[in-house]
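Participant: Structure in structure tokens, see below.
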Amino acid sequence: MFIGGIIAPILVVFVTIKFLNDKADLRVYVSPIISTEFVSSETRNYQQSFTIRNEGNKSAKNIQFSVEGNVVKTKVEKHLAVDGVTEKFQNGDFSLSYLSLNPGSEFTVFILFKRALPMVTLFLFTFVSVF
């Protein structure tokens, strides 16, 4: 009985710490805006990349990434070719849904803009289940 009285609280503390520390930790790394102009064209565009990395110890589920305005073209470099990604490009707005990103994994979104923007509206969030 005495040993059970000591082990039970220690086990509860360990499980609580483990449960509270298991989480997805998404970081966004943004490149500088690069001006691109092709010799055969007088059109100037601007490229920027966004790398989203899960630095946590739990998978991030249903990551939503969205950029509003002036998007000309996009390219998504997935962590694995089989990763589930849904992309939507409409009226200069771009959004994607990344199904699951394991710890230590990342994906990169390359975006070509019509004009240089001092600031990009970027929405990034994930739904994390408690269990």
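Numbering of the sequence shown is given in our numbering, commencing with residue 189 and proceeding in unit increments. Idealized CB from N, CA, C, for every residue including glycine. Note that the structure is a prediction, hence the values are computed from the model and not measured.
Going straight from the alpha carbon of ASN250 to that of VAL264, what length do you get?
Facilitator: Cα to Cα, ASN250 sits roughly 16 Å from VAL264.
Participant: Is ILE221 helix, strand or coil by DSSP?
Facilitator: ILE221: coil per DSSP, three-state reduction.
Participant: Which of the three DSSP states is assigned to THR239 in this structure?
Facilitator: THR239 falls in the strand class under three-state DSSP.
Participant: Output the distance between the C-alpha atoms of LEU268 and ALA248, rounded to the nearest integer angstrom.
Facilitator: Going from the Cα of LEU268 to the Cα of ALA248 covers about 15 Å.
Participant: Which term fits PHE277, buried or exposed, when burial requires 16 or more other beta carbons within 10 angstroms of its beta carbon?
Facilitator: Answer is exposed; the Cβ neighbour count stays below 16.
Participant: Measuring only the C-alpha atoms, how far is THR224 from ASN258?
Facilitator: Roughly 15 Å separates the two Cα atoms.
Participant: Exposed or buried, which one is PHE301 when buried takes at least 16 other CB atoms within 10 Å?
Facilitator: Buried.
Participant: Give the DSSP-derived three-state secondary structure of LYS246 in the structure shown.
Facilitator: Coil.
Participant: Output needed for SER293: all residues of its chain with C-beta closer than 6 Å, excluding positions within five of it in sequence on either side, in chain order.
Facilitator: Correct list, in chain order: ASN242 and HIS267.
Participant: Flag this pair as yes or no: are the beta carbons of LEU289 and VAL273 separated by less than 8 Å?
Facilitator: For LEU289 and VAL273, no; Cβs fall outside 8 Å.
Participant: What does a CB cutoff of less than 6 Å around PHE298 pick up in its chain, not counting 5 residues either side in sequence?
Facilitator: Closer than 6 Å at the Cβ level, and outside the excluded window around PHE298, lie SER237 and LYS263.
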